[in-house]
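Student:
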Amino acid sequence: MTTPSLRSWLSIPRGSHFSIQNLPFGIISTSSNTNPRPAVAIGDYALHLEAFAAGNGFADLSIIQPHQKVLSQPTLNAFAALGRSIHSVVRKYIQSVFQDDTPFPEILKNNKQLQNEALIPLKDVTMHIPFSIGDYTDFFAGRNHAYNCGVLFRGPQNALQPNYNHLPVGYHGRASSVVVSGTSIRRPNGQILENPAADKETPTFSPSRKLDMELELGAFVCKANKMGEPISISKAEGSLFGVVLMNDWSARDIQAWEYVPLGPFNAKNFGTSISPWVVTMDALEPFRTKGLENETEVLPYLKEKSEKNMYNINLKVELTSEL
1 MTTPSLRSWL
11 SIPRGSHFSI
21 QNLPFGIIST
31 SSNTNPRPAV
41 AIGDYALHLE
51 AFAAGNGFAD
61 LSIIQPHQKV
71 LSQPTLNAFA
81 ALGRSIHSVV
91 RKYIQSVFQD
101 DTPFPEILKN
111 NKQLQNEALI
121 PLKDVTMHIP
131 FSIGDYTDFF
141 AGRNHAYNCG
151 VLFRGPQNAL
161 QPNYNHLPVG
171 YHGRASSVVV
181 SGTSIRRPNG
191 QILENPAADK
201 ETPTFSPSRK
211 LDMELELGAF
221 VCKANKMGEP
231 ISISKAEGSL
241 FGVVLMNDWS
251 ARDIQAWEYV
261 PLGPFNAKNF
271 GTSISPWVVT
281 MDALEPFRTK
291 GLENETEVLP
301 YLKEKSEKNM
311 YNINLKVELT
321 SEL
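Oh and the sequence shown: position 203 is 203 in full-length UniProt numbering, straight run, nothing missing.
Right, dumping it as structure tokens:
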């Protein structure tokens, strides 16, 4: 849980996304050290965790000391695999180190040498994909989006399929095409049905003319389960590390022709952009809220105990054109 009243001794610009309440994790490199390594964002800086650990930054946190090698890895996978209980303790400790009234002033607040070694200006870092992604599943989680997308392909009367209110509707995407924000995405080519009302449906091959974007949240799973052994919904939260902003690029005209009957393929797997900083589930705790009531009662295995099973997160999209 985060505390809104927390203040940091480090100067953090007003309105910064990287407040002491947030402290997201990511993977950075610099011109002087090109090896990608874990870091935490705070204000205008990235706390280089490998350098922080090497400078005895975790001297007052014994639980992470046997595992400090995970802070030298090129992705967050090894750190995430330690489990949510350790993520939470590490994040809370780093938060306490940056508090204005920190109980550990000798660690960083009064340690100019370690500040110079471990605090790197964000303007000087290169961001990398935070996790090695073995697989990912994309869900139709937002009702408004599911309806609007369904209207594009089936019209308003059949926009939502009968199963929508009963189970999580999703498909597997192409993990190899997940890239960090800022990576160029090439407009895909594919078959397009120019006249769906024609007696003979004959497609043409061309670049997509209806390239779409989707503002989504992507969640990283940190806890493995054995094949065939499901995780109950009551324990599912313990398997989550954090979330990123995500753009699921979509070629709607290609999708309309190819998705029947097996679902999305080339129209949805040519590129998926994610933000480089991962906001932990602990940082989102203050934003828990009660979601909208489902018009259909779900089966028992999908029922959550807590009414506050949603997050109140305001997202906004801004488009910049060349015109």
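Virtual Cβ for every residue (Gly too), placed ideally from N, Cα, C.
1) In its own chain, which residues sit with a C-beta less than 7 Å from the C-beta of residue 370, not counting the 5 before and 5 after it?
2) What does DSSP give as the partner residues of D138 in its beta bridges?
3) Going by DSSP in three states, R288 sits in which element: helix, strand or coil?
4) One question on the structure: do F98 and L211 come within less than 9 Å of each other, judged by their Cβ atoms?
5) Using C-beta distances below 8 Å, list every residue in its chain close to N294, excluding the 5 sequence neighbours before and after it, in chain order.
6) State whether the region 64-79 contacts the region 31-43, with contact taken as three or more CB pairs (one from each stretch) at a distance under 8 Å.
7) Got a sec? Which residues, its chain only, sit under 6 Å from residue 330 by beta carbon, not counting five neighbours each side?
8) Between A41, T204, H145 and N247, which lies nearest to S177 when the distance is taken from Cα to Cα?
9) Of the residues A224, M213, G228 and W257, which one's Cα is nearest the Cα of F153?
10) For R84, name the three-state secondary structure that DSSP assigns.
11) Could you say if the region 167-183 and the region 121-137 meet the contact criterion of at least three C-beta pairs nearer than 8 Å?
12) Rounding to the nearest angstrom, what Cα-Cα distance links C149 and P276 in this structure?
13) Roughly how many angstroms separate the alpha carbons of P13 and G228, rounded to a whole number?
14) For the region 47-101, which segments carrying the beta strand (DSSP E) assignment without a break, of at least 3 residues, lie completely within its bounds, in sequence order?
15) Contact between the region 93-109 and the region 273-293: three or more CB pairs below 8 Å?
16) Does any heavy atom of the ligand SAM sit closer than 8 Å to the C-beta of E307?
17) My understanding is that P105 touches D44, with C-beta atoms under 8 Å, so please give their C-beta distance in whole angstroms.
18) Restricting to Cα atoms, I'd like to know which of L108, D101 and P168 is closest to V298.
19) Locate the alpha helix (DSSP H) running through R252, then write down its first and last residues.
20) May I ask you to report which of helix, strand or coil DSSP gives E237?
21) Using 10 angstroms around the beta-carbon of P261, count the other beta-carbons present and answer buried if the total reaches 16, otherwise exposed.
22) What are the start and end residues of the alpha helix (DSSP H) that includes F153?
23) Report the three-state DSSP secondary structure of A39 (helix, strand or coil).
24) What does the Cβ neighbour count give for D172, buried or exposed, with the cut at 16 atoms within 10 Å?
25) Flag this pair as yes or no: are the beta carbons of A118 and G26 separated by less than 9 Å?
26) Please state the DSSP three-state secondary structure of Q191.
27) Looking at L302: is its Cβ nearer than 9 Å to the Cβ of I233?
28) Would I107 and G170 qualify as a contact pair, given that the criterion is a beta-carbon distance under 9 Å?
29) Thinking C-alpha only, which one of L245, K200, A283 and S206 is nearest M213?
30) Is any beta-carbon of chain D found at less than 9 Å from that of A267?
31) Rounded to the nearest angstrom, how far is the Cβ of A46 from that of I28, given a contact under 8 Å?
Tutor: So, to answer that:
1) Absent from the model: residue 370. The displayed extent of the chain is 1 to 323, so no value can be given.
2) The residue given as residue 138 occupies position 138 in the sequence shown. In DSSP, D138 forms a bridge with Y171.
3) For the purposes of this step, residue 288 is taken as residue 288 along the sequence shown, with counting starting at 1. Three-state result, R288: strand.
4) Taking the sequence shown and counting its residues from 1, the one referred to as residue 98 is at position 98. Taking the sequence shown and counting its residues from 1, the one referred to as residue 211 is at position 211. Result no, Cβ atoms of F98 and L211 do not sit closer than 9 Å.
5) For the purposes of this step, residue 294 is taken as the residue at position 294 of the sequence shown. Closer than 8 Å at Cβ, skipping near neighbours: N165.
6) Contact between the region 64-79 and the region 31-43 is present, because at least three Cβ pairs lie under 8 Å.
7) With the chain covering only 1 through 323, there is no way to say anything about residue 330.
8) The sequence position of residue 177 within the sequence shown is 177, counting from 1. It is N247 whose Cα lies nearest to the Cα of S177.
9) As a working note, residue 153 is residue 153 in the sequence shown. Ranking the options by Cα distance to F153, first place goes to W257.
10) By one-based count along the sequence shown, residue 84 stands at place 84. DSSP places R84 in helix when its eight states are reduced to three.
11) Cβ pair count under 8 Å is three or more, so yes.
12) Numbered from 1 along the sequence shown, position 149 holds the residue referred to as residue 149. Numbered from 1 along the sequence shown, position 276 holds the residue referred to as residue 276. About 27 Å.
13) Within the sequence shown, residue 13 is the residue found at index 13, counting from 1. Within the sequence shown, residue 228 is the residue found at index 228, counting from 1. Cα to Cα, P13 sits roughly 48 Å from G228.
14) You should have found no qualifying run.
15) These segments do not touch.
16) Of ligands this structure carries none, so the ligand SAM is not represented either.
17) Position 105 of the sequence shown, counted from the start, is the residue given in the question as residue 105. Position 44 of the sequence shown, counted from the start, is the residue given in the question as residue 44. At roughly 21 Å, the Cβ-Cβ gap does not stay under 8 Å, so P105 and D44 are not in contact.
18) Residue mapping note: residue 298 aligns to position 298 of the sequence shown, counting from 1. The shortest C-alpha separation from V298 is found at P168.
19) Here the question's residue 252 lines up with position 252 in the sequence shown. R252 -> alpha helix (DSSP H) spans R252 to E258.
20) Position 237 of the sequence shown holds residue 237. Three-state DSSP puts E237 in a helix.
21) What you label residue 261 is simply residue 261 of the sequence shown in a count that begins at 1. Exposed, by the Cβ-count rule.
22) Sequence index remark: in the sequence shown, residue 153 carries index 153 (1-based). Counting along the chain, the alpha helix (DSSP H) containing F153 begins and ends at R143 to R154.
23) Position 39 of the sequence shown, counted from the start, is the residue given in the question as residue 39. The three-state secondary structure of A39, taken from DSSP, is strand.
24) Here the question's residue 172 lines up with position 172 in the sequence shown. First, the amino acid is wrong: residue 172 is His here, not Asp. Taking a 10 Å sphere around the C-beta of H172, we find fewer than 16 other C-beta atoms and assign the residue as exposed.
25) For the purposes of this step, residue 118 is taken as residue 118 along the sequence shown, with counting starting at 1. For the purposes of this step, residue 26 is taken as residue 26 along the sequence shown, with counting starting at 1. No; because the gap between Cβ atoms is not below 9 Å, this pair is not in contact.
26) Counting from one through the sequence shown, the residue named residue 191 turns up at place 191. Correct three-state label for Q191: strand.
27) The residue labelled residue 302 in the question sits at position 302 within the sequence shown. The residue labelled residue 233 in the question sits at position 233 within the sequence shown. It is a contact, given that the beta carbons lie within the stated cut-off.
28) Within the sequence shown, numbered from 1, the residue matching residue 107 stands at position 107. Within the sequence shown, numbered from 1, the residue matching residue 170 stands at position 170. No, the Cβ-Cβ distance between I107 and G170 is not below 9 Å.
29) Counting from one through the sequence shown, the residue named residue 213 turns up at place 213. Nearest option by C-alpha distance: L245.
30) Structure shown: chain D not included; a single protein chain is present.
31) Walking along the sequence shown from the start, residue 46 turns up at place 46. Walking along the sequence shown from the start, residue 28 turns up at place 28. At roughly 5 Å, the Cβ-Cβ gap stays under 8 Å, so A46 and I28 are in contact.
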